[in-house]
Amino acid sequence: MGMILTLTQLTDAGLHEIHALGEAGDISEFVWGLSEADPSVTVDLDKSYDALEVMFDHARIMVNPISGQGTIPGDYDFGEGIPNYMSPEYVVAARDCLVHMTFDTLLEATGTKELSKLRVPPFLHSWDAGGIEYLRSNYDILSGFVTNAAERSCHIVMQLG
């Protein structure tokens, strides 16, 4: 069973609140509360994140919106570990890359044979048209989410769960 990547937008005030809380249980409850209050601040990329991360790495673009720029400042545990992070500036850079790139361009940098050879989850060695459409759908979700976060000047945290 694979993990699911959840991305959550945080305002500066939200990031400050996480620093003030400090404890995994409190942080997890706070982040859950944010998504309950406004479902648009959170998105799940299901199990597509491994393949998308490989594809962004192979494309050699200056940012990777799956792995981000490192872990969240302060290395706060959100209950499932320390999430990766994108600052508002990194979010804007990611958006700028995504608006100039199509999914097909990203796929050309890796290809289905390479995804199969690397046994990238979730389809391991059988990347067919259905698997590619699954990735395309999640790429579109990611692109829209990053664009929205950039417009709102938000941070993004990426949690596996």
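Numbered per our numbering, the sequence shown finishes at 161, counting up by one with no gaps.
Glycine included, C-beta positions come from ideal geometry on N, C-alpha and C.
Whose C-alpha, out of the options, is nearest the C-alpha of residue i?
i	options	result
G14	D44, Q69, P88, G130	P88
V120	R95, M62, I61, M55	M55
Give the secondary structure of residue i by DSSP, where H, G and I count as helix, E and B as strand, and everything else as coil.
i	result
M101	coil
T6	strand
V120	strand
D44	strand
M1	Residue placement at M1 is poorly supported in this model, since its pLDDT is 40, which falls under 50; the coordinates are not used for a value here.
N84	strand
I61	coil
I72	coil
I27	helix
Output needed for residue i: all residues of its chain with C-beta closer than 7 Å, excluding positions within five of it in sequence on either side, in chain order.
i	result
L21	I27, F30
H49	Position check: residue 49 holds Tyr in this sequence, whereas His was assumed. Within the same chain, Y49 has close Cβ partners L5, I66.
S35	T8, V41, T42
I72	I82, P83, Y85, V157
Could you name the residues of the same chain whose beta carbon sits closer than 6 Å to that of residue i, not counting the 5 residues immediately before and after it, in chain order?
i	result
T112	W127
S153	P88
M3	L160
Give every residue of the same chain whose Cβ lies closer than 8 Å to the Cβ of residue i, excluding the five residues on either side of it in the sequence, and list them in chain order.
i	result
M1	Its pLDDT being 40, under 50, M1 is placed unreliably by the model, and the measurement read from it follows with that caveat. Cβ neighbours of M1 beyond the five flanking positions: none.
L98	P65, L142, S143, V146, T147
E17	F30
Using 8 Å as the threshold, is the region 74-82 in touch with the region 126-142, meaning 3 or more CB pairs across them?
-> Taking a contact to require three or more Cβ pairs closer than 8 Å, the region 74-82 and the region 126-142 do not qualify as touching.
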